[in-house]
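Just so we're aligned: the sequence shown equals residues 0 to 558 in numbering that gives the first Met the number 0.
Note that CB positions come from ideal geometry on N, CA and C, so glycine has one too.
Note that this is a predicted model, so its numbers are computed, not measured.
Read through the structure below, which is laid out as structure tokens, and then see the notes.
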Amino acid sequence: MSLQRIPRWGVARVTVALLGLALIASGVFGAAGALPAYAVGTVHSPIVGSGSTWSANALQAWIRNVWANYQWKITYSESGSTQGRNDFANGTSDFGVSEIPYAIANSNEADIRPSREFAYMPIVAGGTAFMYNLEIGGKRVTNLRLSGDTIAKIFTGVITRWDDPQVKVDNPALVLPSIPIVPVVRSDGSGATAQVSIWLRQEHAGLWDAYCPKVGRPLVNDHCGVTSNYPVIPGSGFVARSGSNGVAGYVALPHAVGAITFVEYSYALNSGYPVAKVLNGAGYYTEPTAQNVAVGLLSAQINEDTASPEYLTQDLTNVYTSADPRTYSLSSYSYSILPTALGGSFTENKGLTLADFGAYFLCEGQQSAEVLGYSPLPINLVQAGQKQLQKVPGGNPVIKGITDCNNPTFSPDGSNKLANEAPYPADCDKQGPTQCTTGTGGAKDTPTGAGAATGPGAATAAGDETGAGGGPAAGDGQQASGSEGVLDAETAPVIVAASPQSIPVAAVSLLPSLAMAGFGGGLFAFSAIPPILGKRGRTSLLPDPADGIADTSRGLTRS
Numbered sequence: 000m001s002l003q004r005i006p007r008w009g010v011a012r013v014t015v016a017l018l019g020l021a022l023i024a025s026g027v028f029g030a031a032g033a034l035p036a037y038a039v040g041t042v043h044s045p046i047v048g049s050g051s052t053w054s055a056n057a058l059q060a061w062i063r064n065v066w067a068n069y070q071w072k073i074t075y076s077e078s079g080s081t082q083g084r085n086d087f088a089n090g091t092s093d094f095g096v097s098e099i100p101y102a103i104a105n106s107n108e109a110d111i112r113p114s115r116e117f118a119y120m121p122i123v124a125g126g127t128a129f130m131y132n133l134e135i136g137g138k139r140v141t142n143l144r145l146s147g148d149t150i151a152k153i154f155t156g157v158i159t160r161w162d163d164p165q166v167k168v169d170n171p172a173l174v175l176p177s178i179p180i181v182p183v184v185r186s187d188g189s190g191a192t193a194q195v196s197i198w199l200r201q202e203h204a205g206l207w208d209a210y211c212p213k214v215g216r217p218l219v220n221d222h223c224g225v226t227s228n229y230p231v232i233p234g235s236g237f238v239a240r241s242g243s244n245g246v247a248g249y250v251a252l253p254h255a256v257g258a259i260t261f262v263e264y265s266y267a268l269n270s271g272y273p274v275a276k277v278l279n280g281a282g283y284y285t286e287p288t289a290q291n292v293a294v295g296l297l298s299a300q301i302n303e304d305t306a307s308p309e310y311l312t313q314d315l316t317n318v319y320t321s322a323d324p325r326t327y328s329l330s331s332y333s334y335s336i337l338p339t340a341l342g343g344s345f346t347e348n349k350g351l352t353l354a355d356f357g358a359y360f361l362c363e364g365q366q367s368a369e370v371l372g373y374s375p376l377p378i379n380l381v382q383a384g385q386k387q388l389q390k391v392p393g394g395n396p397v398i399k400g401i402t403d404c405n406n407p408t409f410s411p412d413g414s415n416k417l418a419n420e421a422p423y424p425a426d427c428d429k430q431g432p433t434q435c436t437t438g439t440g441g442a443k444d445t446p447t448g449a450g451a452a453t454g455p456g457a458a459t460a461a462g463d464e465t466g467a468g469g470g471p472a473a474g475d476g477q478q479a480s481g482s483e484g485v486l487d488a489e490t491a492p493v494i495v496a497a498s499p500q501s502i503p504v505a506a507v508s509l510l511p512s513l514a515m516a517g518f519g520g521g522l523f524a525f526s527a528i529p530p531i532l533g534k535r536g537r538t539s540l541l542p543d544p545a546d547g548i549a550d551t552s553r554g555l556t557r558s
């Protein structure tokens, strides 16, 4: 029967029925799309992590904050990056934290990638600082300067005394004491050690290569290899201690005058001890402030290949040689190692806790990074980190955009606000005959004691907008660290290679989809059931064909 022959009321019913079927289909497919690829956790179960001591001060502060505000129970063991990678690989921790990835290049140490599925996620940036304990005539020194070559010679045993001529060249305003230098290194597997050894191998290969045979280490690809375990020559005067607290604690001992160590800047701040200003590629001595680290890391090359197992890991080669006067050369990131599959003791409920914790420290947590002695992550790494969090099974992290993440590096144009506003160093921090007397690190408010800075080149950096040579304190018309403004108006800001972050489009939730399907079912029933029931009613009123045959045989007819 053609559509034209259907009564008007029949056409209406067919239309309603088709509409109902369409709504049912939309609701069913919408509900299917609203369901996640895996189940979301229902409660925040306790989780356990281990690894880096370099980033531990930040992690422990964040852990305390989420416990106080959300009652998420997170336990973190400051066991060193090597142990953290091993614990994650063995399944004895829910997440790991490390300054270097698994199976790092140019190393002969066994550190293979685990069979457990994982992803790297940057958590915080910072500078590996050189914290020291030095006095001149009983007065504390807080303005020490060291070139990279000098540092390399100290930590390979070539320079052994503080009055070495090369140390004097770095410090023209100091009459350095004739006492031994005591290098303090890590005795455990350490990400900080690995970062320093990468820097030594790339920037001071001759010194590092000459050190390898002395400590019985073979060459890797014709050079001394990268290591997480700092090699020490027996009887050399080096001191080895476990953990960042161990090395920092030793240097801070009253009787440890002459000691120097490498440790995250945060530990020097906490201990109240100074750090050496390190000579950068622009010829300025700088310390690892949050702003100097942010500037330095603008030159970092990040693996942006999402298909690579090394996705989001860092190549710091260009940071070491950056020509920006504000750069701190030993700046880097620390990483969390996230599980991307269920297994062992890792459940959806643990995934819920881990993903929410990660979402917290990528945004709110970064606000406290500078106070804690670190540098907050830039927008491109926050955005990439948020994508990594969505791989954690059981997680359902809140993804915040550029306007509500409150990260201090964010700006509307996608550039790094912290780096753009970083002040230029004072003229007395430039390599040459003058030297600033202001303190650094945990002793920034304590200038080098009277009687220590007796050389002719002593100068102050703060409150004096002309350097010792009479020129602008920042050099080349740029702003000094002691003034209030930001960049020179003619200096263009450096833009991070990233686009402003946006919040993903929300998917249709399950409840509206089911409601749509139900409404469609009601429409279909309304249009289809009455005709079916009506047909059955009309059929019951018709004569039974068998009765008609019987009546005819008897010659009877119906009236």
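Point to revise | Leu202 - containing beta strand (DSSP E), residue span | key: Here residue 202 is Glu; the residue named in the question, Leu, does not match the sequence. From DSSP, Glu202 is part of no beta strand (DSSP E) but of the alpha helix (DSSP H) over 190-202.
Practice item. Tell me whether the beta-carbon of Thr155 lies closer than 8 Å to the beta-carbon of Ser196. Key: no
Practice item. Taking all protein chains shown into account, decide if Glu347 is buried (16 or more other Cβ within 10 angstroms of its Cβ) or exposed. Key: buried
Review point. Under a three-way DSSP split, which group does Lys276 fall into?
Key: strand
**Study point:** For Phe237, the first and last residue of its enclosing beta strand (DSSP E)
**Key:** Phe237 -> no beta strand (DSSP E), and no H or E assigned at all.
Point to revise | Other residues of its chain near Asn107: CB distance less than 7 Å, five sequence neighbours each side excluded | key: Pro217, Val219, Gly224
Practice item. Let me know if Pro164 comes out buried or exposed under the rule of 16 or more other beta-carbons within 10 Å of its beta-carbon. Key: exposed
Review point. How should Trp66 be labelled, buried or exposed, when 16 other C-beta atoms within 10 angstroms of its C-beta is the threshold for buried?
Key: exposed
Practice item. Thinking Pro324 and Tyr283 are a contact (beta carbons under 8 Å), I'd like their distance in whole angstroms, please. Key: 5 Å
Check your understanding: Less than 8 Å separating the beta-carbons of Ser80 and Gly188?
Key -> yes
Check your understanding: At a cut of 8 Å, does the stretch 332-340 reach the stretch 115-135 through at least three beta carbon pairs?
Key -> yes
**Study point:** Euclidean distance between Cα positions of Asn228 and Pro411
**Key:** 43 Å
Check your understanding: Do you know how far the Cα of Ala275 is from the Cα of Ala128?
Key -> 7 Å
Practice item. Can you have a look at Thr305 and say buried or exposed, based on whether 16 or more other CB atoms are within 10 angstroms of its CB? Key: exposed
Point to revise | the stretch 356-370 touching the stretch 387-401, judged by at least three CB pairs closer than 8 Å | key: yes
Practice item. Could you please give me the residues that DSSP links to Leu337 through a beta bridge? Key: Ala118
**Study point:** Rounded Cβ spacing between Ala239 and Val184 (contact assumed at less than 8 Å)
**Key:** 5 Å
Exercise for review: Answer yes if the stretch 87-101 comes into contact with the stretch 42-55, meaning at least three C-beta pairs across the two stretches below 8 Å, and no otherwise.
Suggested key: yes
Exercise for review: Pick helix, strand or coil for Asp314, following the three-state DSSP scheme.
Suggested key: strand
Review point. Taking C-beta to C-beta, are Ser367 and Ala60 nearer than 8 Å?
Key: yes
Check your understanding: Which residues in the same chain have their Cβ closer than 7 Å to the Cβ of Ser146, if we skip the five residues on either side of it in sequence?
Key -> Asp169, Leu278
Review point. Quick one: Cα of Ala322 to Cα of Tyr373, how far?
Key: 22 Å
Practice item. Could you name the residues that DSSP lists as bridge partners for Ser330? Key: Gly126
Practice item. Taking Ile73 as part of the beta strand (DSSP E), name the residues at either end of that continuous run. Key: 73-76
Check your understanding: Can the beta-carbon of Tyr249 be found less than 8 Å from the beta-carbon of Pro287?
Key -> no
Practice item. Using beta-carbon positions only, say whether Val181 and Leu175 come within less than 8 Å of one another. Key: no
Practice item. Using alpha carbons as the reference points, say which of Leu252, Ala247, Tyr69, Ala209 lies closest to Ile232. Key: Ala209
Review point. Near Ala559, which residues of its chain fall below 7 Å by C-beta distance, leaving aside the five closest residues on each side in sequence?
Key: Beyond the ends of the chain as shown, which are 0 and 558, falls residue 559; an answer cannot be given.
Check your understanding: Nearest-angstrom Cα distance between Glu464 and Trp207?
Key -> Residue confidence is low: Glu464 scores 34 on pLDDT, short of 50, so the model does not pin down where it sits. No coordinate-derived value is stated.
Point to revise | Straight-line gap, His203 to Tyr75 (C-alpha atoms, nearest Å) | key: 35 Å
Review point. Touch check for the stretch 129-144 and the stretch 434-441: three-plus C-beta pairs under 8 Å?
Key: yes
Review point. Would you call the stretch 419-432 and the stretch 382-393 touching, i.e. three or more CB-CB distances under 8 Å?
Key: no
Point to revise | Selected residue, minimal CA-CA separation from Gln201, among Asn244, Thr320, Leu351, Leu297 | key: Thr320
Review point. Would you report the Cα separation of Asp162 and Leu133, rounded to the nearest angstrom?
Key: 12 Å
Review point. Are the Cβ atoms of Ala104 and Val294 separated by less than 8 Å?
Key: no
Practice item. Could you check what DSSP says for Gly466 in three-state terms: helix, strand or coil? Key: The predicted model places Gly466 with a pLDDT of 34, which falls under 50 and marks its position as unreliable; any figure quoted below should be read in that light. Three-state result, Gly466: coil.
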